[in-house]
Amino acid sequence: MKIPILLALLPMAAANVAAQGYTISNLGNSPSEDPAWMWESFADTVMGGKSELTPPAVVDADGSKAMLLAGRVVTKGGGFIQVRLRYGKDRFDASAWSGVEVEVDARSETSWHIFLRTRDTLFPWSYYGAPFKPSSSRSTIRIPWSAFEAASTLRKNVRTDSISSVALVAAFEDFNAYLRIYRVGFYK
6 MKIPILLALL
16 PMAAANVAAQ
26 GYTISNLGNS
36 PSEDPAWMWE
46 SFADTVMGGK
56 SELTPPAVVD
66 ADGSKAMLLA
76 GRVVTKGGGF
86 IQVRLRYGKD
96 RFDASAWSGV
106 EVEVDARSET
116 SWHIFLRTRD
126 TLFPWSYYGA
136 PFKPSSSRST
146 IRIPWSAFEA
156 ASTLRKNVRT
166 DSISSVALVA
176 AFEDFNAYLR
186 IYRVGFYK
(Lines of atoms letter the chains of each structure in order from A and count residues from 1; the text may use other names and numbers.)
(Lines give C-alpha, C1' and ligand atoms only; values in the text may rest on other atoms or scores of the structure.)
Protein backbone atom coordinates (compact mmCIF):
# COMPACT_ATOMS: atom_id res chain seq x y z
CA MET A 1 0.00 0.00 0.00
CA LYS A 2 2.92 2.36 0.64
CA ILE A 3 4.20 2.13 -2.95
CA PRO A 4 0.97 3.38 -4.64
CA ILE A 5 0.80 6.29 -2.18
CA LEU A 6 4.43 7.22 -2.89
CA LEU A 7 3.88 6.94 -6.62
CA ALA A 8 0.80 9.13 -6.33
CA LEU A 9 2.88 11.80 -4.55
CA LEU A 10 5.64 11.86 -7.19
CA PRO A 11 3.79 14.13 -9.66
CA MET A 12 3.10 16.63 -6.87
CA ALA A 13 6.77 16.62 -5.81
CA ALA A 14 7.90 17.06 -9.41
CA ALA A 15 5.44 19.92 -9.93
CA ASN A 16 6.75 21.64 -6.79
CA VAL A 17 10.36 21.41 -8.01
CA ALA A 18 9.36 22.66 -11.47
CA ALA A 19 7.51 25.59 -9.90
CA GLN A 20 10.75 26.69 -8.21
CA GLY A 21 12.71 27.30 -11.37
CA TYR A 22 13.32 26.81 -15.04
CA THR A 23 16.35 24.93 -16.29
CA ILE A 24 17.86 26.16 -19.55
CA SER A 25 20.70 23.64 -19.65
CA ASN A 26 21.37 20.73 -17.34
CA LEU A 27 24.40 18.93 -18.66
CA GLY A 28 24.10 16.22 -16.04
CA ASN A 29 20.89 14.95 -17.65
CA SER A 30 20.89 16.11 -21.26
CA PRO A 31 22.54 18.73 -23.46
CA SER A 32 19.62 21.08 -22.84
CA GLU A 33 16.31 20.99 -21.04
CA ASP A 34 14.79 23.19 -23.72
CA PRO A 35 16.05 22.67 -27.29
CA ALA A 36 15.25 26.32 -28.08
CA TRP A 37 18.37 27.31 -26.07
CA MET A 38 21.65 26.71 -27.94
CA TRP A 39 25.25 26.90 -26.70
CA GLU A 40 27.59 29.37 -28.46
CA SER A 41 31.06 30.66 -27.66
CA PHE A 42 33.32 33.53 -28.65
CA ALA A 43 36.09 35.78 -27.41
CA ASP A 44 37.22 39.37 -27.82
CA THR A 45 39.05 38.29 -30.99
CA VAL A 46 35.81 39.09 -32.85
CA MET A 47 36.72 42.75 -32.22
CA GLY A 48 40.50 42.51 -32.51
CA GLY A 49 41.27 41.40 -28.93
CA LYS A 50 44.02 39.03 -27.81
CA SER A 51 42.19 36.67 -25.42
CA GLU A 52 42.41 32.95 -26.15
CA LEU A 53 39.33 30.76 -25.85
CA THR A 54 39.86 27.02 -25.58
CA PRO A 55 37.14 25.43 -27.73
CA PRO A 56 34.32 24.75 -25.25
CA ALA A 57 33.53 21.12 -24.63
CA VAL A 58 31.30 18.99 -22.46
CA VAL A 59 33.62 17.31 -19.95
CA ASP A 60 33.26 14.65 -17.28
CA ALA A 61 33.44 16.28 -13.86
CA ASP A 62 33.15 14.24 -10.68
CA GLY A 63 30.67 11.80 -12.22
CA SER A 64 28.66 14.55 -13.93
CA LYS A 65 28.82 16.42 -17.21
CA ALA A 66 29.79 20.09 -17.42
CA MET A 67 30.40 22.70 -20.12
CA LEU A 68 33.99 23.90 -19.81
CA LEU A 69 34.80 27.59 -20.30
CA ALA A 70 38.59 27.89 -20.34
CA GLY A 71 41.29 30.06 -21.83
CA ARG A 72 43.42 33.12 -21.25
CA VAL A 73 41.79 36.53 -20.74
CA VAL A 74 43.96 39.42 -21.96
CA THR A 75 42.59 42.89 -21.25
CA LYS A 76 44.75 44.69 -23.80
CA GLY A 77 42.52 45.05 -26.86
CA GLY A 78 39.39 43.53 -25.34
CA GLY A 79 39.41 41.27 -22.33
CA PHE A 80 36.80 38.52 -22.43
CA ILE A 81 35.92 34.95 -23.31
CA GLN A 82 32.43 33.53 -22.98
CA VAL A 83 29.96 30.74 -23.54
CA ARG A 84 26.33 31.60 -23.81
CA LEU A 85 22.94 30.04 -24.22
CA ARG A 86 21.08 31.83 -27.01
CA TYR A 87 17.32 31.50 -27.25
CA GLY A 88 16.57 30.31 -30.78
CA LYS A 89 13.07 31.73 -30.90
CA ASP A 90 12.15 35.43 -30.68
CA ARG A 91 12.64 36.24 -26.96
CA PHE A 92 12.18 34.32 -23.70
CA ASP A 93 9.84 35.68 -21.02
CA ALA A 94 11.61 35.14 -17.68
CA SER A 95 9.48 37.65 -15.76
CA ALA A 96 7.94 34.87 -13.64
CA TRP A 97 11.35 34.20 -12.07
CA SER A 98 13.53 36.19 -9.65
CA GLY A 99 16.89 35.87 -11.37
CA VAL A 100 19.55 33.62 -12.90
CA GLU A 101 20.81 30.47 -11.20
CA VAL A 102 24.02 28.67 -12.16
CA GLU A 103 25.68 25.56 -10.79
CA VAL A 104 29.43 25.88 -11.32
CA ASP A 105 32.95 25.39 -9.99
CA ALA A 106 36.13 27.25 -10.92
CA ARG A 107 39.87 27.27 -10.33
CA SER A 108 39.71 30.93 -9.31
CA GLU A 109 37.14 33.43 -8.06
CA THR A 110 38.61 36.07 -10.37
CA SER A 111 36.36 38.21 -12.54
CA TRP A 112 33.39 36.01 -13.53
CA HIS A 113 30.16 37.52 -14.82
CA ILE A 114 26.71 36.69 -16.14
CA PHE A 115 25.72 38.76 -19.18
CA LEU A 116 22.12 38.95 -20.36
CA ARG A 117 20.97 40.23 -23.73
CA THR A 118 17.43 41.45 -24.43
CA ARG A 119 15.59 43.44 -27.09
CA ASP A 120 17.30 46.51 -25.57
CA THR A 121 20.86 45.33 -26.29
CA LEU A 122 21.14 46.54 -29.85
CA PHE A 123 24.92 46.69 -30.22
CA PRO A 124 27.39 43.76 -29.94
CA TRP A 125 28.91 45.44 -26.85
CA SER A 126 25.52 45.94 -25.13
CA TYR A 127 24.54 43.72 -22.20
CA TYR A 128 23.24 43.59 -18.65
CA GLY A 129 25.99 42.24 -16.41
CA ALA A 130 26.39 40.94 -12.88
CA PRO A 131 29.54 39.54 -11.24
CA PHE A 132 29.61 36.24 -9.38
CA LYS A 133 32.23 34.39 -7.32
CA PRO A 134 32.35 30.64 -7.89
CA SER A 135 34.14 28.39 -5.43
CA SER A 136 36.51 25.54 -6.19
CA SER A 137 33.78 23.08 -5.22
CA ARG A 138 30.54 22.66 -7.13
CA SER A 139 27.96 25.14 -5.85
CA THR A 140 24.76 26.88 -6.86
CA ILE A 141 24.83 30.66 -7.23
CA ARG A 142 21.73 32.84 -7.53
CA ILE A 143 21.86 36.32 -9.05
CA PRO A 144 18.70 38.46 -8.71
CA TRP A 145 17.54 40.63 -11.59
CA SER A 146 18.34 43.73 -9.49
CA ALA A 147 22.08 42.84 -9.52
CA PHE A 148 22.35 43.25 -13.30
CA GLU A 149 23.74 46.58 -14.48
CA ALA A 150 23.24 48.03 -17.94
CA ALA A 151 26.16 48.50 -20.34
CA SER A 152 25.37 50.46 -23.54
CA THR A 153 21.66 49.60 -23.45
CA LEU A 154 18.44 51.51 -24.05
CA ARG A 155 17.11 50.78 -20.56
CA LYS A 156 18.70 50.85 -17.11
CA ASN A 157 16.88 47.75 -15.81
CA VAL A 158 16.71 44.33 -17.42
CA ARG A 159 13.51 43.72 -19.36
CA THR A 160 13.03 40.17 -18.09
CA ASP A 161 10.20 39.48 -20.52
CA SER A 162 12.52 39.62 -23.54
CA ILE A 163 15.71 37.69 -22.80
CA SER A 164 17.60 36.49 -25.87
CA SER A 165 20.73 35.03 -24.23
CA VAL A 166 22.41 34.15 -20.93
CA ALA A 167 26.23 34.15 -21.00
CA LEU A 168 28.89 33.07 -18.53
CA VAL A 169 31.86 35.35 -19.06
CA ALA A 170 35.47 35.65 -17.92
CA ALA A 171 36.34 39.33 -18.32
CA PHE A 172 37.94 42.62 -17.28
CA GLU A 173 41.11 41.15 -15.75
CA ASP A 174 44.14 39.25 -17.07
CA PHE A 175 43.88 35.64 -15.89
CA ASN A 176 43.71 31.98 -16.87
CA ALA A 177 40.03 31.09 -16.90
CA TYR A 178 38.68 27.66 -16.00
CA LEU A 179 34.98 27.31 -15.16
CA ARG A 180 32.85 24.15 -15.25
CA ILE A 181 29.15 24.83 -15.83
CA TYR A 182 26.78 22.08 -14.70
CA ARG A 183 23.45 23.87 -14.93
CA VAL A 184 22.02 27.23 -16.01
CA GLY A 185 18.49 28.41 -15.34
CA PHE A 186 16.15 30.84 -13.63
CA TYR A 187 14.94 30.64 -10.02
CA LYS A 188 11.82 31.83 -8.19
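Residues 6 to 193, numbered by our numbering, are exactly what the sequence shown covers, in order. From the three backbone atoms N, C-alpha and C, an ideal C-beta is built for every residue, glycine too. All of these numbers come straight from a predicted model, not from anything done at the bench.
Do you know whose CA, among the options, lies nearest residue i's CA?
i	options	result
A182	D67, G82, P60 and G26	P60
W117	T123, A135 and D125	A135
K138	I148, Y132 and S46	I148
A99	T165, Y187, V174 and Q25	T165
D179	F85, L58, M52 and Q25	F85
S30	L58, V63, P129 and G53	V63
L184	I146, W150 and S141	S141
A66	R143, W150, E154 and A176	R143
A1	E45, L32, K81 and L127	Residue 1 lies beyond the stretch modelled for the chain, which goes from 6 to 193, so this question has no answer here.
R122	G54, W150 and T28	W150
A176	V79, S131, M43 and A101	V79
E154	P129, F128, L127 and I119	I119
T28	F47, S131, E108 and S113	E108
M43	G54, G68 and M72	M72
Any beta carbon of chain C sitting closer than 8 Å to that of residue i?
i	result
R122	In the structure shown, chain C does not exist; there is a single protein chain.
So, residue i versus residue j, is the Cβ gap smaller than 8 Å?
i	j	result
S157	R91	no
S167	R96	yes
Q87	V189	no
D110	R160	no
Y133	V163	yes
R77	S56	yes
A41	G93	yes
L58	I186	no
T50	E106	no
On the premise that residue j lies in contact with residue i, defined as a C-beta separation below 8 Å, what is that separation, rounded to the nearest angstrom?
i	j	result
G83	M52	6 Å
L202	K70	Here the chain comprises residues numbered 6 to 193, so residue 202 is not present and cannot be evaluated.
Between which two residues does the beta strand (DSSP E) harbouring residue i extend?
i	result
P40	Here P40 belongs to no beta strand (DSSP E), and DSSP marks it neither H nor E.
R77	S69 to V78
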